[in-house]
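Residue numbers (the working numbering): 17 to 291.
Structure follows, in structure tokens:
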């Protein structure tokens, strides 16, 4: 068996950011991608790939670019400190940036507990069950990032928060009995947090406005309304007002179909009693 370590995965988001910096410096120097490539004896496509984050910028090339473009070591330092693991994919990273500053969040989830309400044990069991699996370092990074997002629940001025969770997500014993019990307790405790409305959509409802899958609605400090959706193999950032409006109407209907906040607490108490 080959004992040589495999190359570590680089942060795609950081690579894209470094590529943007290179493109900005190139244009400031009055050079096209082709002209820059000719000076470095590289083809135009190579320069384009680096600027678009599709190809990593190598340390020796970064040194040459710093000299040629007068960036005073900026690109070399960027390469040297390039994170090895993305905490979030590119679209998700944009969502998380907005999430930190949001004044209102409305979140519907059908199969799992929403990320902002996950305990560390639940998040570890959930992310640890990924197929294909994360390596140990990447798993720890993603768990820490997910748990760290809960800080917004305890901001001095927290956002107005609404969660609708389909009942099956609360009945799946992800992580086993102890983890499941701890997650239910966490939800019950946070159902009492001021400004946070937690509602369960029960299994016996004859109508369900969220059958197309989970989504999140978000309002920014400047009152822009946005939405975010995830699927098996990707995510989508939604800013078109018409599309956001459709999801907002779905969410409004989900809230009428779900249990009230008080009845949700009662159901959580019953679920805890069953453990």
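The C-beta atom is built at its ideal place from N, Cα and C for all residues, glycine as well. It should be emphasised that the depicted structure is a prediction, and the values quoted were computed from it without experimental measurement.
Close beta carbons around residue i, own chain, < 8 Å, minus the five adjacent residues each side
i	result
residue 20	No answer about residue 20 holds up, because its pLDDT of 36 lies below 50 and its placement is not dependable.
Alpha-carbon spacing of residue i relative to residue j, whole angstroms
i	j	result
residue 157	residue 209	28 Å
residue 129	residue 182	9 Å
residue 135	residue 43	47 Å
residue 216	residue 49	54 Å
residue 79	residue 164	35 Å
residue 92	residue 82	7 Å
residue 46	residue 87	14 Å
residue 195	residue 185	14 Å
residue 241	residue 218	28 Å
residue 187	residue 288	11 Å
residue 147	residue 244	23 Å
residue 102	residue 155	At residue 102, the pLDDT of 46 sits below 50, so the modelled position is not reliable and the matter cannot be decided from this model.
residue 257	residue 57	47 Å
residue 150	residue 252	22 Å
Other residues of its chain near residue i: CB distance less than 7 Å, five sequence neighbours each side excluded
i	result
residue 69	28, 31, 32, 35
residue 65	71
Strand pairing of residue i, partner residues [DSSP]
i	result
residue 250	247
residue 120	176, 235
residue 241	235
residue 125	181
residue 215	180
Same chain, Cβ closer than 6 Å to residue i, neighbours up to 5 away in sequence not counted
i	result
residue 67	35, 38, 39
residue 123	130, 179, 232
residue 63	49, 52, 53
Unbroken alpha helix (DSSP H) run spanning residue i, endpoints
i	result
residue 159	152–164
residue 140	136–144
residue 285	277–290
residue 188	Where residue 188 is concerned, there is no enclosing alpha helix (DSSP H), given that its DSSP letter is neither H nor E.
residue 149	No alpha helix (DSSP H) holds residue 149; DSSP gives it neither H nor E.
residue 266	257–273
residue 85	75–85
residue 91	90–96
The segment 72–80 touching the segment 116–123, judged by at least three CB pairs closer than 8 Å: no
Contact the segment 270–286 vs the segment 217–224: 3+ CB pairs below 8 Å: yes
Given 8 Å, three or more beta-carbon pairs between the segment 241–259 and the segment 196–214: no
Touch test, the segment 160–177 against the segment 135–144, Cβ-Cβ under 8 Å, three pairs minimum: yes
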